[in-house]
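So the sequence shown is residues 2 to 381, counted in this note's numbering.
All residues carry an ideal CB built from backbone N, CA and C; glycine is no exception.
Since the model is a prediction, treat every value here as computed from it, not as a measurement.
One structure is given below, encoded as structure tokens.
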Amino acid sequence: MSIHEEYKKALLTGFDSSYDCFLYWKGRVALYSILKAIGISKGDEVLLQGFTCVVVPNAIKYLGAKPVYVDIEKPSLNAKLVDFQAKRSEKTKAVIVQNTFGLSSQVDEIAAWARGEGIYSIEDCTHGYGGNFNNQRNGSYCDAAFYSTQWNKPFSSGIGGFAISNHAVIKMHLLSFEEQLHAPSTTEILSLGLQLFIRKYFLNKATYWPLLKLYRMLSKRNILTGSSSGEEIEGLKMPKNYWKQMSNLQAKVGLKELRKLQEMETIRKKNARVYTNFLLENGKYHVSTDLFENHNFLRYPILVKSRDTFLEKAQDAKIQMGDWFLSPLHPVKGDLSAWEYSSGSCPNAEFIAHRIVNLPLLEDHQSICGFLKNNIDDLI
Ligand SMILES: *Cc1c(COP(=O)(O)O)cnc(C)c1O
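Pasting the structure below:
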């Protein structure tokens, strides 16, 4: 069996045999392929929540369609069924349901509604691989789902993504696309290999902040094969060779990392409970405890009064704090009209995007709780 076949098989563990898996250079490429497979084109509208990565509306815009944003609710950081229903029009052809930080929402109801309306449903499962919703795998409610194995995702191959589907038409198209995908260049693979090496041997508590800054600076300038190139953040030009397949290196690393997932999930779940209890005790914002039963957290979101100051304090204390999502269309700040997002249209998303940071779940919770305790007045 080729490494790609072996990886696909491992990724489909827990899904029934009607599912197929397709591998890509990044998660966004998996989304783009799904949208293309369902025939999204000019004049179509795709519903999605306004608290996501800009690469999600990018994939819609690259096909000439229009992203239509739905607000999120605070307890789950996800959009609800009623909000999708309110934005549905005759042009709506698909809905993207996201499980932010791994917190599943009403994906069952939204997928069922979409089916009844004759709209395709796609799950943005980039934070949710391995988790469940009502004892069913994340990604199995919708017609198709896409996942990411970028640095910050449930398990990582540096960059990488895949799609799954049990929908006959979607599967057929995704299969036929496999031959059309570009191959990653040697430079791209070498660059990724170097970054994986650095992560393995040099990333630690002391180097987290300087390396994060260096990585963002280099990838923005397209010096590094990073998560997002400058053009993806600055505008709507599709990068050259965007539609790319997964390399053998990614499949190999992904397969290895996937084996550690269960262990990581156990730790994440345990720490998420510690943080929720801490926030409850201190009367601070926490995600809904109703969501706890069978889902996985990717990282743990908290809200703070002043993000910049708080992040500086975290940096001084060497806490590996995350800062997403910085805006309704992370990481683009300011005017989002190029992506057809009008300011004020998703008030909850905007409120949260100004105040959210996230705690790592694989690090020592005692020192993090100590840090939070010392800065408790900064929390909302
Ligand atoms: C990371 C992320 C993506 C894109 O994944 P890539 O593999 O980086 O393309 C899409 N949606 C959300 C919500 C994400 O966090």
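- [ ] Tell me whether His128 counts as near ligand 1, meaning its Cβ is closer than 8 Å to at least one heavy atom of that ligand.
- [x] Your numbering for residue 128 matches position 127 in the sequence shown. Yes, since a heavy atom of ligand 1 falls inside the 8 Å radius drawn around the Cβ of His128.
Task: Leu197 - DSSP class collapsed to helix/strand/coil - done: Along the sequence shown, one-based indexing puts residue 197 at 196. Of the three classes helix, strand and coil, the one that applies to Leu197 here is helix, per DSSP.
- [ ] Check Ile171 in the structure and name its three-state DSSP category.
- [x] Walking along the sequence shown from the start, residue 171 turns up at place 170. In the structure shown, Ile171 sits in a helix (DSSP, three-state: H, G or I).
Open item on the list: Within the continuous beta strand (DSSP E) that includes Gly28, where are the two ends?
Closed with: Taking the first residue of the sequence shown as position 1, residue 28 is located at position 27. Gly28 -> not in any beta strand (DSSP E); alpha helix (DSSP H) instead, spanning 28-38.
Open item on the list: Quick check: is any heavy atom of ligand 1 less than 8 Å from the C-beta of Asp125?
Closed with: For the purposes of this step, residue 125 is identified with residue 124 of the sequence shown, where counting begins at 1. At least one heavy atom of ligand 1 is nearer than 8 Å to the Cβ of Asp125, so yes.
Task: Contacts around Met190, its chain only, beta-carbon distance under 8 Å, and the 5 residues preceding and following it disregarded - done: The residue you call residue 190 lines up with position 189 of the sequence shown. Checking the displayed sequence, the identity of residue 190 turns out to be Ile instead of Met. These residues qualify, in order along the chain: Ser248, Leu250.
Open item on the list: DSSP three-state label for Lys261, please.
Closed with: Position 260 of the sequence shown, counted from the start, is the residue given in the question as residue 261. The answer is coil: DSSP assigns Lys261 none of H, G, I, E or B.
- [ ] Assuming Lys285 contacts Ile353 (C-beta within less than 8 Å), just tell me the rounded distance between them.
- [x] Sequence index remark: in the sequence shown, residue 285 carries index 284 (1-based). Sequence index remark: in the sequence shown, residue 353 carries index 352 (1-based). At roughly 14 Å, the Cβ-Cβ gap does not stay under 8 Å, so Lys285 and Ile353 are not in contact.
TODO: State yes or no: is the C-beta of Gln151 nearer than 8 Å to some heavy atom of ligand 1?
DONE: The residue labelled residue 151 in the question sits at position 150 within the sequence shown. Flag set: Cβ of Gln151 near ligand 1.
Task: Rounded Cβ spacing between Leu330 and Thr53 (contact assumed at less than 8 Å) - done: Position 329 of the sequence shown holds residue 330. Position 52 of the sequence shown holds residue 53. About 7 Å; that satisfies the 8 Å criterion.
TODO: Kindly confirm or deny that the stretch 165-182 and the stretch 204-220 touch, where touching means at least three C-beta pairs closer than 8 Å.
DONE: no
- [ ] Closer than 7 Å by C-beta to Phe16: which residues in its own chain qualify, once you throw out the five before and the five after it? Chain order, please.
- [x] In the sequence shown, counting from the first residue as 1, residue 16 sits at position 15. For Phe16, where only same-chain residues beyond five positions count, the Cβ hits under 7 Å are Arg138, Ser141, Ile165.
Task: As assigned by DSSP and simplified to three states, the class of Asn133 - done: Taking the first residue of the sequence shown as 1, we reach residue 133 at position 132. Strand at Asn133.
Task: Top-ranked residue by Cα proximity to Asn100, from Thr93, Asp109, Arg356 - done: Taking the sequence shown and counting its residues from 1, one reaches residue 100 at position 99. Selected option, being the one with the closest Cα: Asp109.
Task: Cα-Cα separation between Ser368 and Tyr301, rounded to whole angstroms - done: Locating residue 368 in the sequence shown gives position 367, where the first residue counts as 1. Locating residue 301 in the sequence shown gives position 300, where the first residue counts as 1. Going from the Cα of Ser368 to the Cα of Tyr301 covers about 15 Å.
TODO: Starting from Lys94, trace the beta strand (DSSP E) both ways and give me its first and last residue.
DONE: Reading the sequence shown from its first residue, position 93 is the one you call residue 94. Run containing Lys94: 93-99, per the beta strand (DSSP E) assignment.
Task: Among Leu337, Arg356, Gly255, nearest to Tyr8 - alpha-carbon criterion - done: Taking the first residue of the sequence shown as 1, we reach residue 8 at position 7. With distances taken between Cα atoms, Tyr8 lies closest to Gly255.
Task: Coil, strand or helix - Gln316 by DSSP - done: Numbered from its first residue, the sequence shown carries residue 316 at position 315. Looking at Gln316 - three-state DSSP - the assignment turns out to be helix.
TODO: Would you mind reading off the limits of the beta strand (DSSP E) that contains Tyr301?
DONE: Indexing the sequence shown from 1 puts residue 301 at position 300. Unbroken beta strand (DSSP E) run through Tyr301: 301-304.
Open item on the list: If we require 4 or more residues per run, which alpha helix (DSSP H) segments fall completely within the stretch 43-76?
Closed with: 56-63
Open item on the list: One question on the structure: do Ala145 and Ala318 come within less than 9 Å of each other, judged by their Cβ atoms?
Closed with: The count along the sequence shown starts at 1 and reaches residue 145 at position 144. The count along the sequence shown starts at 1 and reaches residue 318 at position 317. Cβ distance not < 9 Å, so Ala145 and Ala318 don't count as in contact.
Task: Distance, Asn136 Cα to Ile61 Cα - done: Along the sequence shown, one-based indexing puts residue 61 at 60. Along the sequence shown, one-based indexing puts residue 136 at 135. Rounded to whole angstroms, Ile61 to Asn136 spans 31 Å at the Cα level.
Task: Coarse secondary structure for Ser230, derived from DSSP in three states - done: Within the sequence shown, the letter at position 229 stands for residue 230. Correct three-state label for Ser230: coil.
- [ ] Taking Leu262 as the reference, give the member of Leu64, Gly132, Ile234 with the closest Cα.
- [x] What you label residue 262 is simply residue 261 of the sequence shown in a count that begins at 1. When only C-alpha atoms are compared, the closest one is Gly132.
Task: Nearest residue (CA-CA) to Arg29, options Asp365, Trp114, Lys245, Ile357 - done: If you number the sequence shown from 1, residue 29 lands on position 28. Nearest C-alpha to Arg29: Lys245.
Task: Cut-off 8 Å between Cβ atoms - residues of its own chain near Tyr25, not counting five sequence neighbours on either side - done: Locating residue 25 in the sequence shown gives position 24, where the first residue counts as 1. These residues qualify, in order along the chain: Ala31, Ser34, Gly161, Gly162, Phe163, Ala164, Leu182, Lys245, Gln246, Met247.
Task: Sub-9 Å separation of Asp72 and Ala315 beta-carbons - done: Here the question's residue 72 lines up with position 71 in the sequence shown. Here the question's residue 315 lines up with position 314 in the sequence shown. No; because the gap between Cβ atoms is not below 9 Å, this pair is not in contact.
Task: Top-ranked residue by Cα proximity to Gly44, from Ser90, Trp114, Leu373 - done: Looking up residue 44 in the sequence shown gives position 43. Answer by Cα proximity: Ser90.
Task: Lys81 - DSSP class collapsed to helix/strand/coil - done: Numbered from its first residue, the sequence shown carries residue 81 at position 80. Here Lys81 sits in coil by DSSP.
TODO: Give me the Cα-Cα distance between Glu46 and Cys143, rounded to the nearest whole angstrom.
DONE: Within the sequence shown, the letter at position 45 stands for residue 46. Within the sequence shown, the letter at position 142 stands for residue 143. Near 18 Å, if we compare the C-alpha coordinates of Cys143 and Glu46.
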